[in-house]
Amino acid sequence: MELLPIKNLIYEIRGYKVMLDFDLAEMYEVETKRLKEQVRRNIERFPNDFMFQLTKNEWNELVANCDQLPKNIKHSYILPSAFTQEGVAMLSGVLHSPIAIDANIRIMRAFVAVRQFVQNSPIDKTSELEREVKELKQYIEEVFTDYNDINEDTRVQLEQINTALAEMQVQNRLPAKPRRRIGFFTEEQRKNKEDMIE
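Take a look at the structure:
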């Protein structure tokens with residue numbers, strides 16, 4: 662079995678990376694019943710952080726979210742057991758066949774590969790989005806602060822312009838004083854002016 666298919670059989674349950682008993686039994690080429698039997702005979706080797714039985718809710722959630730589970734397993738009435746990396750390593754001491762030993766080596770490599778992938782993977786998308794949203798929010802706050810400053814200055818200038826325009830309109834409404842015409846007088850105008858002076 663290739664490393665990639667083994668990695669696809671590793672699930673995260675209760676915060677642990679685990680493999681399920683029926684997948685392990687298939688890899689070890691033994692019946693699931695026999696694997697469980699060997700675990701029961703050596704139960705002191707399997708504390709809760711090495712092996713635990715799934716609850717009905719955990720199993721239902723896994724079935725709902727996982728397409729690769731075999732159909733006959735999905736409808737099983739017996740809840741599977743989950744083995745952590747340490748639990749799988751302990752199985753090698755319980756199952757002594759050459760197939761079991763070879764399978765265990767490949768499984769250990771798959772667990773290590775999954776751990777390295779998780780540790781070395783780029784920042785998960787949610788964290789990246791949270792960071793970008795935070796930066797965008799900060800940028801928008803800065804822009805609005807600048808905008809409010811500019812807006813206040815603009816408001817003052819607009820008030821001054823409006824005041825000046827109002828004053829000009831008031832001046833235009835005042836009655837116009839007769840203004841002396843500038844330019845050359847015609848002969849008739851000059852004569853009229855001279856007559857007025859006398």
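Numbering-wise, my numbering comes out as the position in the sequence shown, counting from 1, plus 661.
Every residue, glycine too, gets a C-beta built ideally from N, C-alpha and C.
Each residue's CA atom was taken as its position, placing N721 and T745 some 20 Å apart. V775 places its beta carbon less than 9 Å from that of I671.
A743 is not a Cβ neighbour of M688, given a cutoff of 9 Å. Boundaries of the beta strand (DSSP E) around L681: 677-681. If you look at E673, you'll find it in the beta strand (DSSP E) that goes 672-674. About 11 Å separates the beta carbons of F772 and G748, which is beyond the 8 Å limit, so they are not a contact pair. For Y677, same chain residues with a beta-carbon under 8 Å away, outside a window of 5 residues either side, are D710, A743, T745 in chain order. A contact is defined here as three or more CB-CB pairs under 8 Å, and the region 752-770 meets this definition with respect to the region 685-700.
Pairing E692 with S758 gives a Cβ-Cβ distance that is not under 9 Å. For the pair I704 and R767, the CB atoms are not nearer than the 9 Å cut-off.
The three-state secondary structure of S758, taken from DSSP, is coil.
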